[in-house]
Structures are given as C-alpha cells and as structure tokens.
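Chain order of the listed sequences is Z and U. Going letter by letter, the first sequence gives residues 4 to 340 in the working numbering. Going letter by letter, the second sequence gives residues 4 to 336 in the working numbering.
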Amino acid sequence: MAQYVIRRILFAIPTLVVISLIIFAILDLAPGDPTSQLPLTLPAEVREQIRESLGFNDPFIIQWLKWMQLMFINEPLHIIDSIFNTCIGDCESRARIISWSSRAPAVDIIFQRLPQTLWVLGASFVLGILIAIPVGIISAYKQYSAFDNIGTFVTMIGYSAPTFFTGILAIIVFSVWLGWFPSFYDSTLVVNSWDTFLAHVKQMAMPVAVLTLFNTAALSRFTRASVLDNLNEDYVRTARSKGLGETMVVTTHVMRNSLIPVVTLIALQIPGIFAGAIITEQIFRINGLGALLITAIGQADVPMVQTLTFMFAFLIVVFNLIADVTYGILDPRIRYD
Amino acid sequence: MTAQSPILEVKDLETQFHTQDGTVHAVNGVSFDLNSGEFLGVVGESGSGKSVTMMSLLRLIPMPPGKIVAGQAMFEGRDLLTLELEDLRTVRGGRIGFIFQDPLTSLNPVLTIGFQIMESLHIHTKLSDEKREARAIELLQLVGIPGAKKRLESYPHELSGGMRQRVMIAMSLACSPRVIIADEPTTALDVTIQAQIIEIIRDLREKLGTAVIWITHDLGVIAGLADRVLVMYGGLIVEEAPVGELYANPQHPYTEGLLGSIPRLDQKGMQLINIKGQPPSLYQKPDSCPFAPRCPYVFDRCREENPPLLEVKMGHSTACWWDMDNQRPRYGS
Ligand SMILES: Nc1ncnc2c1ncn2[C@@H]1O[C@H](COP(=O)(O)OP(=O)(O)O)[C@@H](O)[C@H]1O
Ligand SMILES: [Mg+2]
Numbered sequence: 004m005a006q007y008v009i010r011r012i013l014f015a016i017p018t019l020v021v022i023s024l025i026i027f028a029i030l031d032l033a034p035g036d037p038t039s040q041l042p043l044t045l046p047a048e049v050r051e052q053i054r055e056s057l058g059f060n061d062p063f064i065i066q067w068l069k070w071m072q073l074m075f076i077n078e079p080l081h082i083i084d085s086i087f088n089t090c091i092g093d094c095e096s097r098a099r100i101i102s103w104s105s106r107a108p109a110v111d112i113i114f115q116r117l118p119q120t121l122w123v124l125g126a127s128f129v130l131g132i133l134i135a136i137p138v139g140i141i142s143a144y145k146q147y148s149a150f151d152n153i154g155t156f157v158t159m160i161g162y163s164a165p166t167f168f169t170g171i172l173a174i175i176v177f178s179v180w181l182g183w184f185p186s187f188y189d190s191t192l193v194v195n196s197w198d199t200f201l202a203h204v205k206q207m208a209m210p211v212a213v214l215t216l217f218n219t220a221a222l223s224r225f226t227r228a229s230v231l232d233n234l235n236e237d238y239v240r241t242a243r244s245k246g247l248g249e250t251m252v253v254t255t256h257v258m259r260n261s262l263i264p265v266v267t268l269i270a271l272q273i274p275g276i277f278a279g280a281i282i283t284e285q286i287f288r289i290n291g292l293g294a295l296l297i298t299a300i301g302q303a304d305v306p307m308v309q310t311l312t313f314m315f316a317f318l319i320v321v322f323n324l325i326a327d328v329t330y331g332i333l334d335p336r337i338r339y340d
Numbered sequence: 004m005t006a007q008s009p010i011l012e013v014k015d016l017e018t019q020f021h022t023q024d025g026t027v028h029a030v031n032g033v034s035f036d037l038n039s040g041e042f043l044g045v046v047g048e049s050g051s052g053k054s055v056t057m058m059s060l061l062r063l064i065p066m067p068p069g070k071i072v073a074g075q076a077m078f079e080g081r082d083l084l085t086l087e088l089e090d091l092r093t094v095r096g097g098r099i100g101f102i103f104q105d106p107l108t109s110l111n112p113v114l115t116i117g118f119q120i121m122e123s124l125h126i127h128t129k130l131s132d133e134k135r136e137a138r139a140i141e142l143l144q145l146v147g148i149p150g151a152k153k154r155l156e157s158y159p160h161e162l163s164g165g166m167r168q169r170v171m172i173a174m175s176l177a178c179s180p181r182v183i184i185a186d187e188p189t190t191a192l193d194v195t196i197q198a199q200i201i202e203i204i205r206d207l208r209e210k211l212g213t214a215v216i217w218i219t220h221d222l223g224v225i226a227g228l229a230d231r232v233l234v235m236y237g238g239l240i241v242e243e244a245p246v247g248e249l250y251a252n253p254q255h256p257y258t259e260g261l262l263g264s265i266p267r268l269d270q271k272g273m274q275l276i277n278i279k280g281q282p283p284s285l286y287q288k289p290d291s292c293p294f295a296p297r298c299p300y301v302f303d304r305c306r307e308e309n310p311p312l313l314e315v316k317m318g319h320s321t322a323c324w325w326d327m328d329n330q331r332p333r334y335g336s
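1) Exposed or buried, what is F101(U) when buried is set at 16 or more other beta-carbons lying within 10 Å of its beta-carbon?
2) Straight-line CA distance for T213(U) to V224(U)?
3) Just to confirm the assignment, what range does the alpha helix (DSSP H) spanning W122(Z) have?
4) Spatial neighbours of S23(Z) within its chain, please: C-beta separation below 7 angstroms, excluding the five flanking residues on both sides.
5) Verify the contact flag: E243(U), CB atom, against every heavy atom of ligand 1, threshold strictly below 8 angstroms.
6) On the three-state DSSP scale, how would you describe L337(U)?
7) For the beta strand (DSSP E) that contains G238(U), what are its first and last residues?
8) Ends of the alpha helix (DSSP H) at L295(Z)?
9) Can Q104(U) be considered in contact with ligand 2, in the sense that its beta carbon sits closer than 8 angstroms to one or more heavy atoms?
10) Between the region 290-309 of chain Z and the region 100-108 of chain Z, do at least 3 Cβ pairs fall closer than 8 angstroms?
11) Going straight from the alpha carbon of E122(U) to that of I116(U), what length do you get?
12) Please report how far the alpha carbon of G139(Z) lies from the alpha carbon of A326(Z), in whole angstroms.
13) Distance cutoff 9 angstroms, beta carbons only. Does P112(U) sit that close to anything in chain Z?
14) Kindly list the residues whose CB is nearer than 6 angstroms to the CB of T56(U), restricted to its own chain and excluding five residues on each side of it in sequence; keep chain order.
15) Pull up the distance between the alpha-carbon of R98(U) and that of M171(U), whole angstroms please.
16) Are the C-beta of E122(U) and some C-beta of chain Z separated by less than 9 angstroms?
17) Determine the direct distance from the alpha carbon of I273(Z) to that of I183(U), and round the result to whole angstroms.
18) By Cβ distance below 8 angstroms, which residues in the same chain neighbour I26(Z) in space, the five residues on each side in sequence not counted?
19) Using three-state DSSP, classify L37(U) as helix, strand or coil.
20) Spatial neighbours of E48(U) within its chain, please: CB distance less than 7 angstroms, with the 5 preceding and 5 following residues excluded, ordered by chain position.
21) Is the beta carbon of S223(Z) sitting closer than 9 angstroms to the one on A164(Z)?
22) Going by the C-beta, is I218(U) closer than 8 angstroms to any heavy atom of ligand 1?
23) Hey, out of S179(U), A185(U), R181(U) and R81(U), whose CA is closest to S109(U)'s CA?
24) Please check if any C-beta of chain Z sits within less than 9 angstroms of the C-beta of L61(U).
25) Are there 16 or more other CB atoms within 10 angstroms of the CB of S264(U), so buried, or fewer, so exposed?
26) Is the CB-CB distance between N290(Z) and R116(Z) below 9 angstroms?
27) Taking Y334(U) as the query, report the chain Z residues whose CB atoms sit under 8 angstroms from its CB, ordered along the chain.
28) Helix, strand or coil, according to DSSP, for W180(Z) in the structure here?
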C-alpha cells in the first residue's frame with residue numbers, strides 16, 4: 004500500500020511537468036505583454052527594459068524552466084516558510100512569481116482570495132454531501148415512493164439547471180422582489196459581532212444554496228444508483244436471513260458497499276467545484292479565486308493565469324490520487340501489487 | 004421412520020410476483036410438513052418455485068414485487084407468515100438457518116468472515132465478545148476450515164468457492180437452528196467440492212440432529228441423503244414420497260421423466276434428463292394440470308381439472324389423474 008502511494012506520487016511529478024508545459028505553451032501563444040496595462044505615454048525604451056527585466060525576451064524554453072523553478076521550488080519553500088515561520092535558504096531575496104497587473108506575488112494574492120472561495124464552496128460542498136447521501140439512500144430504499152419521486156424531480160431540476168440560471172433567478176426572487184438577501188457578496192465584511200455574523204450568513208445563503216442544489220443533485224443520484232445496485236445483491240438477502248433488522252442491513256451491509264464509489268466520486272469532485280465556482284462567483288460578485296482568474300484573463304496577466312491554472316491542475320492530480328487510495332482502503336478486494 | 008410430530012407445517016402457500024409483464028404465479032398452494040431431524044429433499048426443474056417457496060416461509064422474497072397471497076406456516080406454534088417482523092427476525096438465523104446457492108455473491112464482499120459469522124451470534128445470543136469469537140472459531144472448525152482463527156480476518160474473495168460455502172454453512176449453524184434450508188448449496192461448485200459439502204452436511208446433521216430442507220435439481224444428490232422428497236412443478240408439489248419409494252415407484256409422469264423415462268435403479272448416476280417441451284407459463288394460475296402439455300399419459304380430464312395432491316399409498320402422494328401402476332385413469336374418471 005505505502006509502496007503504491009509512493010509510486011503514484013512519483014508518477015504524478017512527470018504528469019505535473021507535462022501539464023505545466025502545456026499551460027505555459029498555450030499562454031505563450033496567446034497575445035499578451037507585461038506592459039500593455041501601463042500608460043501609453045511610457046517611452047519605448049522603458050517598455051523594453053521592463054520586458055527584459057521580467058525575462059519576457061528569453062527563449063520559450065528558458066522562460067518555462069525559470070517558471071518551473073519558481074513554481075516547483077521557490078513557491079513551495081515560501082509556503083513552508085510562512086507556515087512554520089522558518090527561513091530556508093535565501094528566504095529574503097527568493098524570487099517569486101509576480102503578477103503583471105498588481106506587481107505582487109501571485110501566490111500571495113491567491114491566498115488572500117482563497118478564504119472567500121473556500122467559505123462558499125466548502126459550505127456548499129459539505130452541505131451537499133450531508134444532504135445528498137441520506138437522500139440518495141432513502142430514495143433507493145424506498146424506490147418509487149413519494150419521497151423518491153419528489154427527490155427525482157428536484158434533483159433533475161438541480162442537475163439540469165445551470166448555476167448561472169438558478170443564481171440569477173435566486174437574485175431576482177430573493178434580492179430584488181423579496182429583499183431577503185443581498186445580491187452580492189461583501190468580502191470586506193469582518194465578522195466580530197452577532198449582527199455581522201448574521202450579515203455574513205445572509206450573504207452566503209444564496210450562493211451556497213445555488214451551488215448546493217447543483218452538487219446535491221448529481222451526488223444524490225449517484226448514491227441512489229449505487230445503493231439500488233447493492234439492495235438487490237444476494238448478500239443483502241443473506242443479511243436478512245440471519246435476522247438483521249432493516250436499519251442494520253442498510254447501514255452495515257448496503258452502505259458499506261455502496262458508499263465506496265460515492266466517496267471516490269466526492270474526492271474526484273473537489274477540484275471540479277473550484278472550476279464550478281468561477282461562474283457562481285461571477286454571478287454573486289464574490290471576490291474569490293474564480294473572480295481572480297476571470298480578472299487576470301481580462302488583463303492578460305499571464306503569470307497569474309498560469310499559477311491559478313496550474314494550481315487547479317495540481318488539485319486534480321492530488322485528488323485523483325486520494326480517490327484511488329481511499330478506494331483501496333475501503334474495498335478489500337483491491338490489491339496493489 | 005417412526006411417526007414424528009412435524010416442527011414445520013406449511014399449508015396452502017401461495018406467492019405471486021406482480022411485475023410489469025403481469026402476475027407471476029410462482030407458488031400456487033403448496034402444503035407440506037417437516038419432521039424434526041428429518042432430511043427433506045425438494046427437486047424440480049429450475050423455475051418450478053422451489054426457492055420462492057422456501058424463501059416465502061421466512062418472508063425473504065423481495066416485497067414488492069413479491070406477495071405472499073395465502074397460506075400458513077406453523078413453526079414452534081406460531082405462523083411465520085403473519086408473525087410480527089420483530090419476532091420473525093428471531094426465527095431467521097436463530098431457529099431457521101439459510102444456506103444460499105452462490106457463496107460468492109451471498110457473502111458480503113467488504114466484511115470479514117469473522118464479522119459475518121459473529122453478527123448472527125450478536126443478534127441472537129448474549130455471548131460476550133470473547134465467547135463469540137471462540138464460537139466462530141469452533142464453527143469454522145466444525146465445517147472443516149483449516150487455520151480457523153486466522154480465517155476470521157479473511158475476506159470472502161480470499162477463499163475458494165468450497166471454503167466460502169463452508170463459511171455459509173458455519174454461518175447458518177451459528178445459533179444452533181432447528182431447521183436448515185439449503186437452496187442448491189452445491190450447484191455453483193465443482194463436482195469434487197460438491198461431494199465434500201454434501202459430506203459435511205450429512206455429518207453435521209448426524210451430530211446436531213438439525214432438520215434439513217435440501218433444494219436441488221439433481222436427483223442423484225438427493226438419493227443418498229434425503230429421508231423424503233418433494234417434487235415441484237409449476238409452483239405446485241406434484242409428488243411426495245419417501246426417497247426409496249419415489250425412485251422405485253414414481254407416481255407422477257413428471258417424476259418419471261426426471262428419473263429418465265423408465266426408472267431403472269440399477270442404472271448408475273441417475274441424472275436429470277431433459278423432458279420435452281417448455282416449463283409452464285406462470286402468468287396464469289393453473290386451472291388444469293400444468294404438466295399436461297408435456298405429459299405422455301395426458302387425457303381429457305387433465306386439460307379440464309388440476310389434480311389435487313392425494314395420498315395413493317402409505318406416505319406417497321401424487322397430483323395426477325393417471326394411475327401409473329395400472330395404466331388407467333385414477334379416481335374412477
Ligand atoms: N423477484 C422476482 N420477480 C419476478 N418473478 C420472480 C422473482 N423471483 C422469482 N420469480 C419467478 O418465480 C418463479 C419460481 O422461481 P424460483 O422459486 O426461483 O424457481 P426455482 O425452482 O428454480 O428455485 C420463476 O418463474 C421466477 O421467474
Ligand atoms: Mg432456485
């Protein structure tokens with residue numbers, strides 16, 4: 004098992020290198036210039052110097068290797084330093100990936116924006132799981148009951164209606180008509196009293212609800228299908244023939260089997276929710292990572308786009324690994340040698 | 004056999020499945036007794052309702068689509084078919100044990116053997132953890148599994164088919180039931196393993212005195228094991244007799260067909276031979292003899308009335324209008 008995990012991690016490194024090359028190559032092809040956001044009155048020599056200092060005139064492969072060094076060595080070291088308050092090597096003068104538009108290190112900006120995204124995404128993801136799994140199990144156990152039919156109807160809507168539609172609908176109904184919730188998310192709000200806490204909950208409510216509806220829909224359908232598969236298995240009949248009550252049959256026998264693929268799916272979905280958040284953040288004006296990416300693309304801020312895209316890719320690789328490993332832990336039939 | 008009091012009395016059991024294509028009349032009024040300590044064989048082609056009959060007794064058929072429409076199953080003074088589910092659960096696994104056909108799919112793949120055996124003990128007994136484990140080891144030894152203690156930690160996929168079936172047997176024996184129902188327990192196994200499993204059951208029965216209902220479609224298996232045999236066809240019992248009598252003197256054309264048109268006991272390795280024709284459609288309730296379309300002795304009455312199961316000799320009953328011994332219609336028709 005440990006051997007398998009190590010092997011998988013070693014395999015992940017070339018994968019990430021290739022991903023970084025692709026990201027780098029695509030963005031290199033895109034038109035963009037570090038000085039394009041600067042005033043037009045700037046003399047041409049100054050522009051050229053800025054380009055030179057940013058390494059913009061180096062050959063593609065050199066730029067890529069330099070960026071790799073920053074991304075794979077400098078930035079991780081920086082993160083380690085700031086977490087443990089250490090200073091590894093020349094921490095003072097360590098080069099960083101610098102955003103073209105804000106001139107600040109890209110990773111620092113990302114960490115500033117992360118909490119907003121995590122609050123909304125995390126809340127809706129956890130809520131989604133907490134709703135989807137019981138709903139899926141009950142729907143399967145009571146297939147074609149009123150509960151199941153209503154669940155099918157709601158999840159069908161949740162799954163087929165895109166978040167940019169449900170989000171705008173929610174804003175029109177609950178913000179514009181009813182005025183219950185604010186239509187946009189104020190990330191400068193500091194929670195320090197009951198009132199500000201309430202305000203925070205209120206501003207989170209709609210984006211969380213919209214994302215939760217979407218997450219719950221797919222996951223509860225998947226759970227339902229997985230439980231249904233198992234409910235008709237022979238071992239369930241055996242469990243009943245031993246005299247087990249229905250609760251025990253479902254919890255110890257059926258769930259233990261049917262949640263294995265569900266857990267894997269959850270792990271695989273985690274990176275995906277970041278991508279999904281891009282749209283939701285745009286609708287509710289949440290100042291998170293999705294908004295950051297959109298802005299960076301608009302401003303042709305190549306280092307920022309590279310860093311964000313690479314981070315998403317990194318999350319996908321990591322959670323794929325986590326999904327595989329949890330599958331092996333949960334299912335004794337999986338062998339790694 | 005001396006006259007014994009039956010421990011299980013089944014009367015007029017009827018089970019149907021309400022499916023999209025219509026109602027499947029899987030069991031159409033089955034009555035039989037099981038004496039304590041008796042080894043009862045149940046034979047019949049696949050689809051004749053053997054499994055559904057036995058599973059209906061413990062209400063283990065999927066409901067819906069299944070429905071037990073009528074009948075009574077008296078066990079230890081109570082009717083299993085109307086018993087509160089809570090009480091029925093004490094019977095399931097506690098008083099009546101079940102062994103299923105395919106030990107691979109019938110065991111939970113993600114739980115250890117030990118857990119699955121001890122689970123029964125957990126439900127039906129108040130044994131302490133150590134005692135439960137000791138009992139599980141004892142059971143595994145009883146069914147001849149080597150290295151029993153280590154095996155408790157194994158998962159079903161780590162065992163061979165024969166070993167898995169031994170685990171199923173151990174599981175069904177856990178709480179010393181009065182009756183064990185074995186539904187084709189050897190069908191999914193190799194011939195040599197089959198023989199071992201049969202041997203184990205025979206031994207255990209002698210040791211423990213448990214009554215056994217053994218479902219099979221292989222008459223050869225039953226011959227050396229059973230005291231009495233029920234022959235099922237189209238959801239009905241068509242013949243019932245002590246095992247020697249049945250083989251020597253079948254009173255139903257279907258049984259005769261099963262034994263190979265002319266029964267010759269000297270012939271070795273009696274096996275199910277194919278009887279011409281299709282098994283009956285179960286979409287209607289039989290109002291004539293369900294075997295009539297395939298029967299070599301068929302005559303008018305067979306197509307008009309379904310013959311009742313009646314005793315024609317001591318302990319030998321058949322549901323047939325034709326008197327095989329005298330080659331003429333029975334009951335003066
Ligand atoms: N879950 C079910 N749904 C519909 N029909 C069923 C179901 N289970 C069994 N049956 C039908 O009941 C009849 C008897 O089946 P069964 O008792 O399994 O036969 P066997 O004698 O081979 O054990 C068959 O025709 C089968 O198709
Ligand atoms: Mg069967």
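Even glycine gets a Cβ: it sits at the ideal position worked out from N, Cα and C. Because the structure is a prediction, the values reported are computed rather than measured.
Walking through what the data contain:
1) Buried, since its Cβ has 16 or more Cβ neighbours within 10 Å.
2) The alpha-carbon atoms of T213(U) and V224(U) are separated by roughly 19 angstroms.
3) Here the alpha helix (DSSP H) through W122(Z) covers A109 to Y144.
4) Only M71, M74 and F313 meet the Cβ criterion.
5) In terms of side-chain proximity, the C-beta atom of E243(U) is found no nearer than 8 angstroms to any non-hydrogen atom of ligand 1.
6) The structure shown has nothing for residue 337(U), since chain U only spans 4 to 336.
7) Premise fails: G238(U) is in no beta strand (DSSP E) and is neither H nor E.
8) Note, L295(Z): alpha helix (DSSP H), L292 to G301.
9) The answer is yes for Q104(U).
10) Here the region 290-309 of chain Z makes contact with the region 100-108 of chain Z; the two share three or more CB pairs at distances below 8 angstroms.
11) When only Cα atoms are considered, E122(U) and I116(U) end up about 10 angstroms apart.
12) The C-alpha of G139(Z) lies about 20 angstroms from the C-alpha of A326(Z).
13) Yes - at least one Cβ of chain Z is within 9 angstroms of the one on P112(U).
14) Excluding its 5 nearest sequence neighbours in each direction, T56(U) has C-beta neighbours in its own chain below 6 angstroms: V30 and V33, listed in chain order.
15) If you draw a straight line from the Cα of R98(U) to the Cα of M171(U), it comes to about 16 angstroms.
16) Yes, E122(U) lies at the interface with chain Z (some Cβ there is under 9 angstroms from its Cβ).
17) Cα to Cα, the separation comes out at about 49 angstroms.
18) The residues are Q309, T312, F313 and A316.
19) For L37(U), the three-state secondary structure derived from DSSP is strand.
20) Apart from sequence neighbours up to five positions away, the residues of its chain that approach E48(U) with a beta-carbon distance below 7 angstroms are H220 and P282, ordered along the chain.
21) No, they are not a contact pair.
22) At least one heavy atom of ligand 1 lies closer than 8 angstroms to the C-beta of I218(U).
23) With distances taken between Cα atoms, S109(U) lies closest to A185(U).
24) Residue-level contact by beta carbon holds for L61(U) and chain Z, with a gap shorter than 9 angstroms.
25) Annotation note: pLDDT 40 at S264(U) (below 50); position unreliable, no value reported.
26) Yes, the pair counts as a contact, with Cβ atoms nearer than the cut-off.
27) The contacting residues do not exist; Y334(U) stays about 41 angstroms from chain Z at best.
28) Helix.
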